[in-house]
Every structure is written in C-alpha cells, then in structure tokens.
Amino acid sequence: MHESGKRPVAMERTKTPSGAMIALALTMLTASLGVSIANIALPTLAQAFGASFAQVQWVTIAYLLAVTTLVVGAGRLGDVLGHRRVLLWGIGLFTAASALCAAAPDLWFLVVARVAQGAGGAVLMAVTMALVRDTVAKDRIGSAMGLLGTMSAIGTALGPSLGGFLIAGFGWRSIFIVMVPLGLAGLALGWRCLSPSVDQRKAAGFDLAGTAVLGVSLAAYALSVTIGGAPAPWLALGAAFGIAVFLLIEARVKQPLFRPADLIDPVLGPSLTMNLAVAAVMMATLVVGPVYLSRALHLGAAEVGLVMSVGPMISIFSGVPAGRVVDRLGPGLVVVIGLAAMAFACVALAFLTQVFGVTGYVAAMVLLTPGYQLFQAANNTGVMMGVDADERGVVSGMLGLSRNLGLVTGASVMGAVFAFGSGVTDVTQAAPDAVATGMQVTFLVAAALIALALVPALAARRRA
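Residues in the sequence shown are numbered from 9 upward in steps of one, following this note's numbering.
Structure, rendered in structure tokens:
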C-alpha cells in the first residue's frame with residue numbers, strides 16, 4: 009500500500025504541472041456540477057414528461073447510484089490502463105452522456121443517460137485525485153487538494169443558481185447542454201497538459217468479478233437508504249450478503265480490486281472511517297438546516313436559500329488556504345484541527361441557534377465549513393502521499409466511495425435522528441419548538457460522531 013521511497017519525486021510529475029492542475033480543477037468542477045445542477049430541474053422535468061415527482065427523482069438517484077457503485081472500479085481501471093488515458097475516456101463518456109441527456113425524448117431515456125453520465129463522473133472523481141499525486145510534488149499536494157476542494161465547492165454552489173437561470177431562459181435541456189463545452193474543454197486541456205508519462209506505471213490486472221459484485225452490493229445499499237419503504241430491509245440484507253461474497257472473492261483472486269487487509273491499514277482504514285463520518289455530518293446540515301430555518305425560524309424560501317448558501321460560499325474561499333495549511337503543518341495535525349473545529353461547530357449549531365437564531369446558525373457554519381475543508385485537504389493528502397503509484401486510482405476511489413456512503417447514510421440516519429428529536433414522523437408539519445429540539449438533538453449526535461472520529465486521528469498523531 010505505501011510507497012517504498014525508491015521512486016524519485018521528480019519522475020512522478022508532468023512537464024506542465026500548472027496546466028495539468030488547471031485541467032484537473034476543471035474536471036472536478038464539471039463532476040460536482042453534474043451532481044448539483046440537475047436537482048433544481050426536477051419540478052420542470054415532472055411537468056415536461058407528465059411524470060410524478062417520485063419518478064423524476066430517478067434523474068438524481070441514477071447519477072448518484074452510478075457514481076457510488078463505479079467509483080472504486082473506475083479508480084482501479086486507471087491503475088491498470090493508466091490514469092491519464094482513463095480520465096480522458098471518462099471525460100469523453102461524461103460529455104457524450106450529457107449530450108444524450110439534452111436530447112432525451114422521454115424520462116427513462118434521460119435516466120439511462122444519467123447513469124452513463126454518472127459512470128463518467130465516477131471516473132472523473134476517482135482518477136482526478138490520483139493524477140494530482142502523479143503530477144504534483146509531495147510538498148505541494150495539500151495545496152492541490154485544497155484547489156480541488158474549492159472547485160468542488162464552486163460546482164456545488166453554482167449548480168442550483170446556474171440551473172435555475174438556464175431553465176428559466178432556455179428550458180431544461182440547457183442544463184445538460186452546458187456540460188458539453190465544459191467536457192470538451194476538459195478533454196482538450198487534459199490531452200494537452202497531462203503528460204503521457206503518467207501512464208507508464210500500470211497495475212497488473214483488473215478484477216471484473218469482484219468489481220461487479222461490489223457494484224451490485226453498493227447499489228443495493230444505496231437504494232435501501234434512498235428509497236426506503238418495504239424493499240429497504242431486503243435491499244440492505246442483499247447488500248450485506250454481497251459484501252461478504254465480495255470479500256471472499258478478493259481473498260481468493262490473484263489481482264483483487266483491493267486487498268481486504270487494506271481496510272485495516274493504519275493509515276487508510278481510519279481515514280476512510282473518518283471520511284464517512286464527516287460526510288454524514290455535512291449531509292445533516294443539508295437535510296436538517298432548511299427545515300429548521302423555515303419551520304423554527306420562520307424564514308421564507310428565498311431567505312432559507314440565502315442562509316444555506318453561506319456554507320458553499322465559505323468553502324469556495326477556504327479550500328485553497330486549507331491546502332496551504334496542510335503543506336505547512338502536515339496532514340496529521342491538520343486533520344485533528346479540522347475535526348476539532350467541526351466538533352465545536354456542531355455544538356454551536358445545537359446551542360447558539362437556540363439563543364441567537366439565524367445569526368447563531370451562520371456563525372456556526374462559518375466555523376464548520378473551514379473545518380471541513382481543512383479535514384478534507386489533510387485527509388486526502390495524508391492518504392495519497394503514501395500510496396504506491398499502481399494503487400493511487402483505487403485508493404482515490406475508496407476515498408470517494410467512503411464520502412458518498414457517508415452522504416447517503418447521513419441523509420437517512422441524521423434525518424431519522426431529527427425526526428426522533430422532534431418527536432414526530434413528518435418534521436415538515438412539526439411545531440417550531442419541536443423542530444428546534446430536533447435540531448439540537450441532531451447536532452449533539454453529530455458532535456459525538458466527530459468526537460469519535462477524533463480518536464483515530466489523535467492516535468495517528470501519537471504514532472507519528
């Protein structure tokens with residue numbers, strides 16, 4: 009898993025690192041925009057296709073399922089065939105699928121095209137971070153990871169507003185058309201600026217059976233926590249069975265997708281666990297925040313949107329500085345600092361909001377978001393710095409998978425905690441006091457979750 013130190017750093021960088029980082033930054037922006045821009049179109053799509061809201065939700069679910077199920081396999085494919093080559097293929101697939109989405113004659117054609125777009129997005133998310141390690145010197149990896157975090161935040165923040173503008177002016181197809189020139193620009197920059205030399209070191213083989221079983225298992229789990237209802241327990245059971253089969257396959261094949269022992273690696277294992285926990289907490293702000301602001305603080309839709317934009321806007325401006333802090337102080341210390349800031353922010357969300365209302369909410373987000381960016385930049389840097397060249401793609405994919413699993417799990421679990429704390433089954437109809445109590449309970453649980461994540465982070469610091 010970890011580098012032997014025999015490979016000179018200079019041999020790992022492309023001839024044009026600045027151009028390469030521009031290409032990778034644009035790729036990350038495109039991938040995050042693909043997630044965020046479609047959500048605002050769901051009501052319009054329901055009207056355009058004469059479909060129910062439950063049906064058009066599959067436009068979003070299809071993309072997220074594809075990314076979640078394929079991101080590890082996409083990273084491994086990059087290790088086998090070459091990171092640059094697979095990234096260019098992924099950008100091409102994403103761009104072509106975007107054009108198909110724009111041309112969709114009916115809803116289910118659009119859903120299938122979104123699956124293809126998500127497959128391309130999985131490649132973009134997995135291989136981009138691996139290429140950062142291929143192209144950037146070790147003492148600059150933190151800054152590069154911070155830049156990717158900034159671009160991801162820009163895509164997340166820009167998606168709803170850009171999507172709303174395009175739909176109002178040009179119709180729903182335009183939100184997919186806009187992806188085509190972005191993809192073509194990324195393809196051209198990647199072809200021009202990413203050196204083919206990064207494709208010279210390749211892993212030995214690709215575990216197709218293990219990849220397929222893992223993908224189906226992850227899809228079953230994601231559906232169990234996304235759609236809920238009667239099928240959910242059976243889907244969760246199927247996912248658990250599938251993971252057991254996957255681990256058996258990986259223990260027997262000569263070239264596994266990844267070694268099961270990697271999950272208990274003293275660096276990778278805790279990093280994946282922390283990544284999942286942090287993502288679940290961040291999802292809590294997206295699930296609970298709008299309900300609290302509207303029901304307990306009586307804000308209108310526009311005001312809720314404005315307050316909710318604080319987090320993404322802070323992310324845009326804190327990503328690159330967070331990366332520079334990682335380069336200066338080292339990833340181990342910055343992981344602890346980031347998690348500590350997040351824990352204090354969760355406590356602030358539980359209590360300051362009860363006293364100061366919107367001001368308390370915004371103040372807590374001003375602490376939570378930079379803490380998250382510090383953690384992300386440091387955690388990704390700490391993992392990727394020590395990974396062998398022929399495993400960078402799959403490890404990058406595992407980081408992406410842990411984040412996505414945290415997001416889908418957080419939406420379900422934190423939503424359930426919120427409902428429990430509010431004492432109702434439908435929080436959108438709860439009394440303001442009940443919603444405020446639910447908010448407090450949810451973020452006290454979130455603070456406890458971050459405190460648990462601090463345990464392996466502090467243990468790693470003591471070992472260092």
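Every residue, glycine too, gets a C-beta built ideally from N, C-alpha and C.
The structure displayed is predicted, hence computed values, not measured ones.
Asked: Reduced DSSP secondary structure (H/G/I, E/B, other) of residue 395; Found: strand
Asked: N- and C-terminal bounds of the alpha helix (DSSP H) containing residue 71; Found: 66-89
Asked: 6 Å CB neighbourhood of residue 403 in its chain, flanking five on each side removed; Found: 395
Asked: DSSP three-state assignment for residue 401, whether helix, strand or coil; Found: helix
Asked: Residue span of the alpha helix (DSSP H) that contains residue 191, given as start and end; Found: 187-201
Asked: Pair within 8 Å by beta-carbon distance, residue 159 and residue 75; Found: no
Asked: Contact set for residue 67: own chain, Cβ-Cβ below 8 Å, skip 5 residues either direction; Found: 46, 49, 50, 53, 115, 118, 119, 122
Asked: Beta-carbon separation (whole angstroms), residue 377 vs residue 422, contact threshold 8 Å; Found: Rounded, the Cβ-Cβ distance is 17 Å, inconsistent with contact.
Asked: Nearest residue (CA-CA) to residue 256, options 61, 273, 222, 382; Found: 222
Asked: Distance CB(residue 348)-CB(residue 462) smaller than 8 Å; Found: yes
Asked: Selection from 464, 189, 86 that minimises the alpha carbon distance to residue 397; Found: 86
Asked: Alpha-carbon to alpha-carbon, residue 196 and residue 153; Found: 22 Å
Asked: Short Cβ contact (8 Å threshold) for residue 265 with residue 219; Found: yes
Asked: heavy atom of the ligand GDP below 7 Å from residue 216 C-beta; Found: Among the components of this structure there are no ligands whatsoever, and the ligand GDP is therefore not found.
Asked: Supposed close pair residue 157, residue 330 - CB separation, criterion 8 Å; Found: 7 Å
Asked: Residue 374 and residue 315 closer than 8 Å at C-beta; Found: no
Asked: Span separating the alpha-carbon of residue 165 from that of residue 81; Found: 28 Å
Asked: Span of the alpha helix (DSSP H), counted from its first residue to its last, around residue 302; Found: Where residue 302 is concerned, there is no enclosing alpha helix (DSSP H), given that its DSSP letter is neither H nor E.
Asked: Residues near residue 409 in its chain [Cβ-Cβ closer than 6 Å; skip 5 each side]; Found: 79, 80
Asked: First and last residue of the uninterrupted alpha helix (DSSP H) at residue 326; Found: 318-337
Asked: Cβ neighbours of residue 325 in the same chain (closer than 7 Å, five flanking residues each side left out); Found: none
Asked: Nonlocal neighbours in the same chain, by C-beta distance under 6 Å from residue 291, ignoring five residues either side; Found: 415, 418, 419
Asked: Extent of the continuous alpha helix (DSSP H) to which residue 450 belongs; Found: 440-471
Asked: Contact check, residue 387 vs residue 279, beta carbons under 8 Å; Found: yes
Asked: Option in 101, 69, 287 with minimal Cα separation from residue 234; Found: 69
Asked: For residue 146, the three-state DSSP class (helix, strand or coil); Found: helix
Asked: Cα-Cα separation between residue 464 and residue 113, rounded to whole angstroms; Found: 51 Å
Asked: Residue 443 to residue 355 span [Cα, whole Å]; Found: 17 Å
Asked: Closest by C-alpha distance to residue 457, when choosing among 32, 124, 289; Found: 289
Asked: Burial state of residue 243, where buried means 16 or more other Cβ atoms lie within 10 Å; Found: buried
Asked: For residue 260, the first and last residue of its enclosing alpha helix (DSSP H); Found: 239-260
Asked: Nearest-angstrom Cβ-Cβ length linking residue 295 and residue 426, presumed shorter than 8 Å; Found: 7 Å
Asked: Start-to-end residues for the alpha helix (DSSP H) that takes in residue 51; Found: 50-57
Asked: Helix, strand or coil at residue 278 according to DSSP, with G and I counted as helix; Found: helix
Asked: Whole-angstrom distance between residue 297 and residue 96, CA atom to CA atom; Found: 38 Å
Asked: Spatial neighbours of residue 13 in its chain, beta-carbon cut-off 8 Å, leaving aside the 5 residues before and after; Found: Interpretation of residue 13 is limited by its pLDDT of 43, a score under 50 that renders its predicted location unreliable; no figure is taken from the coordinates.
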